[in-house]
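Q:
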Amino acid sequence: MIILGATPIGNLGDASPRLREALAAAEVIVAEDTRTAIHLLRALGVESRPRLIAMHDHNERERAAEIVELARETDVLVLSDAGMPTVSDPGFHLVDAAAAADVQVTAIPGPSAVVTALAVSGLATDRFTFEGFLPRKPGDRRSSLRALATEPRTMVFFESPNRLASSLEDIASVLGADRRVAVCRELTKLFEEVKRGTAAELAEWASGGVKGEICIVIAGAKAVEADPATALEQVLALVASGTRLKDASNEVAEATGLSKRDLYQAALAARPPKASPNAQVRPAP
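In my numbering, the protein residues as written are 700 to 984.
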């Protein structure tokens with residue numbers, strides 16, 4: 700089978716007993732960087748010398764089929780440089796290929812920068828979305844942020860320390876200077892730091908330069924109260940275009956947060972009454 704192994708994101712003490720056992724038993728390790736894998740083995744005191752295969756963003760598609768076939772014969776342990784493979788790291792195409800080939804895939808859970816940053820951010824954790832890295836180019840970055848301007852869930856991003864200040868400036872400009880943000884730096888490491896504040900405050904703080912591995916956590920957009928009259932117009936417009944009243948009411952209710960029953964009843968009341976089939980038409984005088 701293929702085994703996805705979550706590795707420490709900073710503190711070696713976070714390596715689970717299961718990961719240590721898997722490393723010691725592994726005959727084949729597929730690693731984002733084989734040098735990092737060798738360093739991990741040595742740091743954890745693992746003396747075995749498995750076959751190492753490099754699989755990274757540039758060769759994953761080409762190597763996936765070979766690795767899947769290898770996993771039919773022996774267990775293949777897959778590692779990224781830090782955290783869980785496939786989460787903003789190589790592994791997705793390999794798992795997709797394994798699923799298509801009916802090769803079993805399992806995981807050894809462990810450290811995750813995404814969940815750790817979310818947990819310590821002080822922002823809502825009941826619903827969240829992971830958005831990976833923001834685009835490098837300022838124009839593309841602002842476009843991505845505009846697409847997320849009304850996202851109600853807490854958002855988690857990775858970011859380079861070199862682009863942190865400019866990204867926070869764009870967040871303040873596009874999402875609002877008062878949007879709540881947490882910058883989580885060097886998680887689980889000696890100099891771990893969580894800086895919380897508004898987007899504008901953190902942009903000013905970051906302007907002096909920040910080092911280390913960075914996660915940005917951004918509060919979701921506040922819900923805007925929908926106008927029932929406008930929502931009713933949307934339902935009637937959908938019905939006029941051929942959508943069933945029930946389906947139109949459900950669609951608008953989901954988009955606005957209003958009651959689908961109330962929208963349905965209001966639309967029924969607003970529709971003109973149907974003429975009775977038995978009604979007699981009086982002749983014109």
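Built from N, CA and C at the ideal position, the CB exists for glycine as well. These numbers come from a predicted model, not from an experiment.
(1) So, helix, strand or coil for L703, using DSSP?
(2) Measuring CB to CB, does V938 end up less than 9 Å from V916?
(3) Is it buried or exposed, G831, if we count other Cβ atoms within 10 angstroms and call 16 or more buried?
(4) For P984, name the three-state secondary structure that DSSP assigns.
(5) How about L740: is its Cβ closer than 8 Å to a heavy atom in the ligand SAH?
(6) Taking A781 and T706 to be in contact with their CB atoms under 8 Å, please state how far apart those CB atoms are, rounded to whole angstroms.
(7) Shortest alpha-carbon distance to F722 belongs to which of A736, S940, A947, V804?
(8) By how many angstroms is the C-alpha of E950 removed from the C-alpha of A925?
(9) Keeping to the same chain, check which residues put their C-beta closer than 8 Å to that of P716; ignore five residues upstream and five downstream.
(10) Using the three-state DSSP reduction, which class does I870 fall into: helix, strand or coil?
(11) Considering V794, what are the terminal residues of the alpha helix (DSSP H) in which it resides?
(12) Under the three-state reduction of DSSP, which class applies to E830: helix, strand or coil?
(13) In whole angstroms, what is the alpha-carbon distance linking R879 and V775?
(14) According to DSSP, simplified to helix, strand and coil, what is G782?
(15) Assuming T773 contacts V727 under a Cβ cut-off of 8 Å, what Cβ separation, rounded to an integer in Å, is found between them?
(16) Can you list the alpha helix (DSSP H) stretches of 4 or more residues lying completely in the segment 837 to 863, in chain order?
(17) If you draw a straight line from the C-alpha of D839 to the C-alpha of R748, how long is it?
(18) What residue ranges within the segment 713 to 772 form continuous beta strand (DSSP E) runs of no fewer than 3 residues, ordered along the chain?
(19) Please report the Cβ distance between S843 and P834, rounded to the nearest whole angstrom; I am assuming they are in contact, meaning their Cβ atoms lie under 8 Å.
(20) Identify, in the order they occur along the chain, each residue of the same chain with its Cβ nearer than 7 Å to the Cβ of A800, setting aside the five sequence neighbours on each side.
(21) To the nearest angstrom, report how far apart R778 and L793 are at their CA atoms.
(22) Measuring alpha carbon to alpha carbon, tell me which of E903, C914, S866 ends up nearest F829.
(23) Identify, in the order they occur along the chain, each residue of the same chain with its Cβ nearer than 7 Å to the Cβ of A742, setting aside the five sequence neighbours on each side.
(24) Whole angstroms is fine: what's the gap from R970's alpha carbon to A902's?
(25) Compute the Euclidean distance between the alpha carbons of G709 and D961, then round it to the nearest angstrom.
(26) According to DSSP, simplified to helix, strand and coil, what is R970?
(27) To which residues does DSSP link E891 through a beta bridge?
A: So, from the listed chains and residues:
(1) Three-state result, L703: strand.
(2) No, they are not a contact pair.
(3) Per the 10 Å Cβ criterion, exposed.
(4) Summary for P984: the model assigns pLDDT 49, below 50, so the residue's position carries little reliability; its value from the coordinates is reported in the next sentence. P984: coil per DSSP, three-state reduction.
(5) As presented, the structure is devoid of all ligands, the ligand SAH included, so that no description of it is given.
(6) Right, their Cβ atoms sit about 6 Å apart.
(7) First, the residue type needs correcting, since residue 722 is Leu and not Phe in the sequence shown. Nearest C-alpha to L722 among A736, S940, A947, V804: A736.
(8) 14 Å
(9) The same chain holds no residue with a CB closer than 8 Å to that of P716 once the five nearest residues on each side in sequence are set aside.
(10) I870 falls in the helix class under three-state DSSP.
(11) V794 -> alpha helix (DSSP H) spans 791 to 799.
(12) strand
(13) In a straight line, the C-alpha of R879 is about 42 Å away from that of V775.
(14) Strand.
(15) 6 Å
(16) 837 to 846
(17) One C-alpha to the other measures close to 44 Å.
(18) Whole beta strand (DSSP E) segments, 3+ residues: 727 to 730, 750 to 753.
(19) 6 Å
(20) V767
(21) Looking at the sequence provided, one finds Leu at residue 778 rather than Arg. So the two alpha carbons sit approximately 12 Å from each other.
(22) C914
(23) L711
(24) 52 Å
(25) 52 Å
(26) coil
(27) Answer is none; E891 lacks a bridge partner.
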